[in-house]
Every structure is written in C-alpha cells, then in structure tokens.
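Chains as they are written, first to last, in the numbering used here: chain A, 1 to 298; chain B, 1001 to 1497; chain C, 2001 to 2131. Where is the CB? At the ideal position from N, CA and C, for every residue including glycine. Just so you know, these numbers come straight off a predicted model, no measurement behind them. For reference, the structure is listed below as structure tokens.
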Amino acid sequence: MNKKDTFLRRWLRGEVEFSALLAEPVYPTPEEAVPYEPKENKHVAIRTLRRSRTGYRAAVTVLCIVFALFMLLVIGNLPQYGAADAPTVNEVPQRYVEQGMEETGAVNSVAGMILDYRAFDTLGESFVLFTATCAVTLLMCAAPGKKKEEHVFEAEVVRYDNDPIVRTVCKLVIPIILMFGIYVVLNGHISPGGGFSGGAIMASALIIYAIVWGEDKASRTIPKKAISLITLCALAFYACSKTYSFFTGANHIHSIISPGTPGRIFSAGLILPLNVAVGFVVCCTMYSFYMYFRRGEL
Amino acid sequence: MSFVQNFPFFTIILCLLCAVSTFVAGDKWGRRLSVALLCVSVALNASVLWFCASNDMSYSYMMGHYPAPWGNEIMAGVMEPLMATLFSVVMLCSVLGGMGHIMADVQDHRKVYWINVDMTLVSLLALCYTNDIFTGYVFIEICTIGSCVLLSAKQNGRTLIASARYMIFALIGSGLFLIGVVLTYSVTGHLLFPQLHEAVAAVWADGRYTFSMTAAIGLMTAGIAIKSGLFPFHFWMPDTYGQATPASSGILSGVVSKGYIFLLIKIIYRAVGIEVFTESGIQAVLLVFGIGGMIVGSISAIRTKRLTTMVAYSSAAQIGYIYMGLGMGTDAALLAAILHIFAHSLTKPMLFLAGADLADASGGENEFHALRGAGHRDVMAGVLFTAGSLSMVGIPLFIGFIPKLHFASAAFALDWQQWPVLLGLAISTVLNVGYFLYTSMVLWLPEKEGVGYRGEKRCPCHYVPAVVLLIIAMAIGIYSAPLTRLIEQGLALFVKY
Amino acid sequence: MNGMFQNLLHNYEECVSVILFCIGFCMLLFDRNLLKKVLGLDIMDTGVFLLLADRGYIAGRMANIITDGITDASYYINPIPAGLVLTGIVVSVSVSAVMLSLTVRIYREYHTLDMDALYLMMSEKRKGGRV
C-alpha cells in the first residue's frame, strides 16, 4: 500500500476493519451447522457456571436475610393484629357493612363490595383470567390444521374408567359436586360463596370427569365450541352490564336496576347475574387449563 | 357532565369488547379490529385531552354509583389523556410498521396476538387513568400477561426462555408492589389516591407508623422499578427486546415500561405526596440508581455485538434518565422526565422497526459485521435508524435534545445532587455518542466486496408508520413549546385536589 | 425498640406470612429449576394473601354475612381485605397457569428445566450463530 493511502481513503474504500467488533467470526458452513445438541461436556460446563455463581449465591443469601429482617421490623411497626382501632377500620368498611344491604341488596357484604362498590377491579380480574386463557392457548394448543404434538408422559397414565370403585363413586359424586357449585354460585349474594368459588367447585367436577373417563371422552361430551361460547358470552354480558351501571352511575342517571328484597334469591340487582357470569368464566377457564395441559386442546 | 368526559371509560370498555369479539372473529378481523381500536383510542383520548386542556380542568369519573372512598373511580386531567394518546399513537405505529414481521413471525394463533394487543392497550389506558392503587395492581398484572404473550408469540426456543425470564422478573416486581399496597392499606385504611394523600400526610405527621409507611413506599417503588427495568434489574431487557418480533419489542420498550413509570409518578405525586417521598429518602436512592442505570446501560450497549441487543441496552440507559428525573424531585425535573418519556416512546419503536428492516436486508443477521453497509441496501431504514440514533444521543432538532436540556437546567437548582446529575448526563451522553454514532457509521460504511444479499424491494408505505413517528419526534424537537406548556398545565392540575 | 418487639410477638401471624413471602422469594432467586421458581412465586403470593387476610381480622367479630338483621359495623370484620384477597388469588392462578405453560414449552424444546443450562444453550446457540 502506498503512502498516499491515508486512513480516511482506505476507510472510504471500505478496507478498514473498523474495530474488533466488526471482525467476522468463523461460522460453520450451513452444511455442518447442525441444530443444537447437548455437548458431551455439557455437565462440566454447567458445573463451571455454577461455581462462578458462588458469588451470586452469597449475595442472594445476604439479600434474603436482610430482606426478611427488614420485613419483620416492618411487621413490628404495623398496627396490632385484630385491633378494633386500627387505621383500616374507618368509614369505608362501615358503609359497606351498614348500608351495603340496602344499597346493593346483598346480604354478603364482600359480594356487595366486589361486584357493586368496587366492580371495576373485579371486571379487570375476570379479564385477567381471559388473558391467561389466551396465553395458555397460544403456548399449549396446537394450531388448527397442524398435527397435534405427541405428548410423551414419562409416568404411566393410570386409567380409571374400568375401575368399578372409582367409576361408581364418581358417578355418584360428580352430580353432587356440580350441584353444590351451582348452589354456591346462586347463593353468592346471601351466603358465603360467589362466582369465583362456585366456578372453581364446578370446574373440579368437570376435571374429575376428565380424569376418570379420559380426556378424549370428556372432550366429546363437553364440546370445545360450547366452552368458548359460554366464556365469551359471559364476559361480554359482564362488560356490557357493567358499562350500563358505570355509565348511569357516572352521569348520575337513575339506574333501572333495583336491589330488591335482601335475602331472596332473586334480589341484589346485578349481583346475581354477574355471579353467574363469573362462575361460568371461572369454571370454563379452569377446565380449559386442565385440558390444555393434559391434552393440548379442548 | 359533558359527553366527552365519558370517553376514557368508553375506550377502556371498547378495548375489552374488542378483545372478546376478536376471539370469535378470528385472525383477519381481529387485526382490523385492533388497528381500528387503536385509531379510535387515539381519537377519543385526543378529544379528552383537548376538552381538559381548553377548560383547564381535571375531573374524577365514578365507576359505579358510589363516590370516592367507597367506589372505584378514574381520573382525567391533562396529563392522563396526554399519556394515553401518546401510548395509543406509539402502539398504532409499532403495530402497523411491524405488521409484515408479525405476519412472518407469528405463525400459529395469530388472533391471540391481536387479543393481547387489545389487552395491553386496555391495561395501559387503565394505568393512565386509574385513581385507585388496587385497580393499578390488577391492570399491572393484565399488562404483564399481555406483554408476555406479545413476547412469546414468535414461539421459538429463545423467545420462550426470554419470556420466562421476563415473567419471573415481572412477577417479583408485582409481588413487591402488592405487598407495598397491603402495607399502605394497613397503615392508612384507604386505596383511592385523594384519600390516600390525606391519610399518608396524617400518618407522617403522627409519626407512629413512619417506618412501615416508608417501607410500603419503598416496596411499591422497587416493584415498579424492577418491572420497568431500572439499573440493577435490567438484565432481562436485552434477551427480551432482542428476541421478540419488532412490533412487540417496540410496544414493550416504548410503551409498557412507560405505563408502569407513569403509574409510579401518579403514586408519588398524587397518592404519597412529593414532600413525604422526599423525606422518606427513597428519592435519593432512585437518583443514584437512575444515574447508575444511565452509565451501566450505556457501557453494556457499547460492549454488545448485536444491533437489537444494543438498542435494548440503550433502553436501560434511557429508563435511567427517567428515574433520575424522578429522583431529582423538583417540578422542572419531573417535566424533563415526562419529556424524556415522550422522547423515548417515540424514538425506540422507530429504532426497533428500522433495525429489523436493516437486519432483513443483511440476510436476517443483526450482528454488526453483517450490517456493514446495510444503509445502502435499505436506504429508508438506514435513514430512519440514523435519525433515531441522533435523537437518542440528543442532537438539537430532534426530540431527544429537549429533555436533556431540561434535565441540565433543572440540575442547577439542586444542591448536593447538582454535580452527580450533571456528571452523569455528560458521561452518559458521551457513551451514547459512542455506540449510536458508531452503529450509524457501520450502517453507512461502503459495502464489502462479495456481499450478495440485497434487500427485497419494499412498498414505500411499509415505512410510513416509522416516518410518522420520526415526523412527530422532529416536530416536537423543533418546536417544543406547546408540548412543554401542555405538560406544565397538566402537572399543575395533577397535584391539585 | 421494646415496643416494636412486643408488637412483633403480638403480630405473630403477620410474621409467619412475611416468612412465607421470604421463603418464596429465596426459592425464586436460588433455585435453578424453573418449576420450583413457579412454586416459589406461588408461595410468595400466598404469603401476601395471608398478610392481607390478617389485616382484615378484628378480634371477636363475625364474618361479613349480615345475620339477624344486625347492620352495625362493630359486629363484623373488615370486608375490604377479603375482596382484595379474592382478586389477588384469581390473578395469581392466572399467572401461575401462564408460567407453567411456558415451563412445559421450554421443557419440550430443550429437555431441561435448569435455568443455568438453558442460558448456556442460549449463549452457545448465539456463538454458533445462524440458528
């Protein structure tokens, strides 16, 4: 290279390897580039990595101990457990309890609170379940039109459908569980319970059915479309009815929904239908979680 | 009550209904619905902004029939619709600009992707408008799950590991946030911001529960800091942003982390109160970590060899700027931090979109050696990337310059913080120049002999969303007075009860 | 300081919940197995819910079902934490489902749940490039 070839000129011609960052690493040619296979010395490498993590572990130990002590100090500074004069006992729970029954019609103050006073939180919460269902669908469910991935379970799957004891007991118990779940949902506003707990109980009955008679039979008995349809209708109903009540509330329009006579089944305005909707959503979500994990589809 | 005042609530409900109907409608209609929804959200939030700004008012909107300490409510002043509009615009541009990549990367269950775009939008809107700390928690979790889906939609091994890591950090963050909320509730007895404000001031004056109140504020701040990737917790960022499809990276780094930060700003200024926050000493910690993040993020960005990783690490540095602004604690610094949120939200998605196009023009690689001369192969993407880099460095005429100017001028009003802030700004800017201008130079180097790949010819409309972002960024960079005035007006309303 | 210690003994249930939270936190940070990390998350959340439920308890009062027409607030415990716990539990269930499905997918892809090994594979793949 002659002397007039200044750095700038060489750079402009593109002959300068600007820094080590631009150095091209040596790649295997596409033919020899095989998909990843665990190396033989993988365990050695992992052991080295772990040894290098000794410092990390020491730091984390210290962090955890300090954090635990700190949290205990915080607990020591909190109001006393079970005290009647704690800052949390103020006008807010007082109204929920004292006027909750006439304002919302719910005998169960917690139901009245989550489905009427603080309904926006609960709306968000139902949609958390919906989002999670979508996420699990994306991750676990084989795409339509593609072959389902074969699931290899290392443990042997025990089949119960030929076991007379299990089958008979389940035939007896499943309707009772379902009935109990429906009872808990429908009585959510007058007794302990509500959509979330009742829905989980109903889902447990469906899951027992799927465990005992096999996922394939369950999937034939409870069609896939029905589950999505029920979930979506329940969510849409929930969103629409809450739209009505939020809109009328914020614009100070009189709402046609009346709390009714507290203590009756058909009372408490929107709380009963909302409990039913939530119950359906929770039941279908839990059941579809089970089916996705077990079978890869509904 | 004017009809416009219903709009924040309408956008939230509309998002929920769109998400549900996308599940029925399938991929094609889901895409159209999401895009339409984002447009509608821009329009509605902009009209709320116009309404509030022209009447100079903020109002609370009851979600139900019960007033503040009993029922949920949302709050809209100037700040809230401004942020909501910004988030909708940025999401719209990233989704439209990354559409081609979404089609290529997301093969199965594309409708789930669209549902989660809707759900992420609704959670961001709710984080902007919420006036209730627990509603904030619920929507933070929706945002976490939604962004996890946006991340893992590509469904190869590395995105799965990246999203698992992201989820672990995000869930530690929400666990800390929740325990902070519980502690706050148990010493104050309130969950809504206006009542919390009074109760926290009373607790602070009383002095009995000062320690647990400080711990509660600290835990909430730490939770949000982990979720948005402040300095010691920024290690999940490069994998996360580097692996996902560019639209998701743009949404996650440009918008989602800003949504969390905006909630933190609301908690600091509207619930806790800035005086209490300063006295609790957490502000100083934020300042230190913010400056640390600015420097460490930039150094990590210099050391990396991949374009997307570099852009992701620079996010860590930019998040550091915002936290530094919160740590300085003056009104001028808050203004600068919010301007920086604007600068980063508008620029980062542009960088991710342009970076993905450049990688496409270089045979799908995003190591620097492969990107050499990529600007010649895809001129438009190269120009966009260079413009974005200039903005991130803080060259005048671009939006990135404005917040840095405000940070510097705000620093002179401080006492002991003055020198660390100025020094941090200077070092970080120099480091920014180091990696962004280096990258831009690599893009425009002459191509090496024998490099075969050519960029496919793209329709010019492919670049429109990124160009729109660039135009907004440059417009604000050239004439920032209206935005600054709007934010000042918003901040004045923000802390007023 | 003495008062604080007395209070700590009195708030023993909260202490348990905080210790649960810390156990979960340690598991999350220490354990390399992804599945155990998910369990750690669940334990952590459970600790928070226990703390929240304790905060609503008032000694000697009844659960929030209005009985015998007594609507005096001094007969019942605080309903707010109960509602918040309910919301929190649902959120926690959803999040665990998402995490577990991620775990299953990662296991199918890499046949290991060891986070260290997974990072190692990721970085090897990166060095190998073009994957």
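#1: By how many angstroms is the C-alpha of residue 1338/B removed from the C-alpha of residue 1111/B?
#2: Specify, as a first and last residue, the run of the alpha helix (DSSP H) that residue 1315/B falls within.
#3: Could you spell out where the beta strand (DSSP E) holding residue 1074/B opens and where it closes?
#4: Could you give the first and the last residue of the continuous alpha helix (DSSP H) run that contains residue 1380/B?
#5: Considering residue 1438/B, what are the terminal residues of the alpha helix (DSSP H) in which it resides?
#6: Mapping the DSSP letters down to three states, classify residue 1189/B as helix, strand or coil.
#7: Helix, strand or coil for residue 82/A, going by three-state DSSP, please let me know.
#8: Just the C-alpha distance for residue 1286/B and residue 1472/B, rounded to the nearest angstrom, thanks.
#9: Cβ atoms of residue 1306/B and residue 1242/B: under 9 Å apart, would you say?
#10: Could you give the residue range of the beta strand (DSSP E) that holds residue 1280/B?
#11: In the structure shown, what three-state DSSP assignment does residue 1167/B receive?
#12: Pull up the DSSP beta-bridge partners for residue 1502/B, would you.
#13: Please determine if the segment 1129 to 1148 of chain B and the segment 1184 to 1195 of chain B are in contact, where contact requires at least 3 C-beta pairs separated by less than 8 Å.
#14: Does residue 1064/B get closer than 9 Å to chain A when you measure Cβ to Cβ?
#15: Answer with buried or exposed for residue 1227/B, where buried requires no fewer than 16 other C-beta atoms within 10 angstroms of its C-beta.
#16: At what residue ranges does the segment 1073 to 1152 of chain B contain a whole run of the alpha helix (DSSP H), taking only runs of 4 or more?
#17: Any beta carbon of chain A sitting closer than 9 Å to that of residue 1141/B?
#18: Thinking C-alpha only, which one of 1100/B, 1404/B, 1113/B and 1054/B is nearest residue 1023/B?
#19: Closer than 9 Å by beta-carbon distance: list the chain C residues that pair up with residue 164/A, in chain order.
#20: Does the Cβ of residue 2005/C have 16 or more other Cβ atoms within 10 Å, making it buried, or fewer, making it exposed?
#21: Looking only at DSSP bridge pairs, what is residue 2076/C linked to?
#22: Is there a C-beta anywhere in chain B that falls below 9 Å from the one on residue 2021/C?
#23: Compare the beta carbon distance of residue 1171/B and residue 2048/C with 9 Å and say whether it is the shorter of the two.
#24: Examine chain A for any beta-carbon lying closer than 9 Å to the beta-carbon of residue 1236/B, and answer yes or no.
#25: Does DSSP classify residue 2114/C as helix, strand or coil?
#26: Measure how close the beta-carbons of residue 1182/B and residue 2052/C come, nearest whole angstrom, since I'm counting them as under 8 Å.
#27: Which same chain residues end up closer than 6 Å to residue 1498/B when comparing Cβ atoms and leaving out the 5 residues on each side of it in sequence?
#28: Does the separation of the CB atoms of residue 1586/B and residue 1273/B fall below 9 Å?
#29: Indicate whether at least one CB of chain C lies closer than 9 Å to the CB of residue 78/A.
#30: Give me the chain B residues within the contact set of residue 246/A, using Cβ-Cβ distance strictly less than 7 Å, ordered along the chain.
#31: What are the start and end residues of the alpha helix (DSSP H) that includes residue 1031/B?
#32: Beta-carbon within less than 6 Å of residue 1317/B's beta-carbon, same chain only, minus the 5 sequence neighbours each way: which residues are those?
#33: Around the Cβ of residue 1158/B, are there at least 16 other Cβ atoms within 10 angstroms (buried) or fewer (exposed)?
#34: Run through chain B and tell me which residues come within less than 9 Å of residue 2032/C, C-beta to C-beta.
#35: From the DSSP output, in three-state form, read off residue 1367/B for me.
#36: Could you check if residue 240/A is buried or exposed, using at least 16 other CB atoms within 10 Å of its CB as the buried criterion?
This is what the structure holds:
#1: The alpha-carbon atoms of residue 1111/B and residue 1338/B are separated by roughly 34 Å.
#2: 1307 to 1328 is the extent of the alpha helix (DSSP H) around residue 1315/B.
#3: From DSSP, the beta strand (DSSP E) with residue 1074/B extends over 1072 to 1076.
#4: Looking at the DSSP string, the run of the alpha helix (DSSP H) that includes residue 1380/B is 1379 to 1393.
#5: Under the DSSP assignment, residue 1438/B falls in the alpha helix (DSSP H) whose first and last residues are 1438 to 1444.
#6: In the three-state DSSP reduction, residue 1189/B falls in the coil class, being neither helix nor strand.
#7: For residue 82/A, the three-state secondary structure derived from DSSP is strand.
#8: Computed Cα separation, rounded: 30 Å.
#9: Yes, the pair counts as a contact, with Cβ atoms nearer than the cut-off.
#10: Run containing residue 1280/B: none; DSSP gives neither H nor E here.
#11: If DSSP states are grouped into helix, strand and coil, residue 1167/B belongs with the helices.
#12: With chain B running from 1001 to 1497 in the structure shown, residue 1502/B is simply not present.
#13: Yes, they touch.
#14: By this cut-off, residue 1064/B is an interface position.
#15: So residue 1227/B counts as buried.
#16: Listed in chain order, they are 1079 to 1097, 1099 to 1105, 1110 to 1129 and 1133 to 1152.
#17: At least one chain A Cβ lies under 9 Å of residue 1141/B.
#18: Taking only the C-alpha atoms, the option nearest residue 1023/B is 1113/B.
#19: Those within 9 Å of residue 164/A in chain C number zero; the least Cβ separation is about 33 Å.
#20: Burial state of residue 2005/C is exposed, judged by a 10 Å Cβ sphere holding fewer than 16 other Cβ atoms.
#21: Bridge partners of residue 2076/C: 2062/C.
#22: By this cut-off, residue 2021/C is an interface position.
#23: No, these two residues do not count as a Cβ contact at 9 Å.
#24: Chain A, which has no Cβ nearer than 9 Å to the Cβ of residue 1236/B, makes this no.
#25: It is a strand residue.
#26: Contact between residue 1182/B and residue 2052/C holds, since their C-beta atoms are separated by about 5 Å, short of 8 Å.
#27: The structure shown has nothing for residue 1498/B, since chain B only spans 1001 to 1497.
#28: Examination of residue 1586/B is not possible in this model, given that chain B is present from 1001 through 1497 alone.
#29: Yes - at least one Cβ of chain C is within 9 Å of the one on residue 78/A.
#30: Those within 7 Å of residue 246/A in chain B are 1009, 1063 and 1064.
#31: Under the DSSP assignment, residue 1031/B falls in the alpha helix (DSSP H) whose first and last residues are 1027 to 1055.
#32: If we look at residue 1317/B and ignore the five residues flanking it on each side, its Cβ neighbours are 1294, 1297 and 1298.
#33: Flag for residue 1158/B reads buried.
#34: Neighbours of residue 2032/C on chain B: none; closest Cβ ~12 Å, over 9 Å.
#35: If DSSP states are grouped into helix, strand and coil, residue 1367/B belongs with the strands.
#36: Classification of residue 240/A: exposed, given that the 10 Å Cβ count is below 16.
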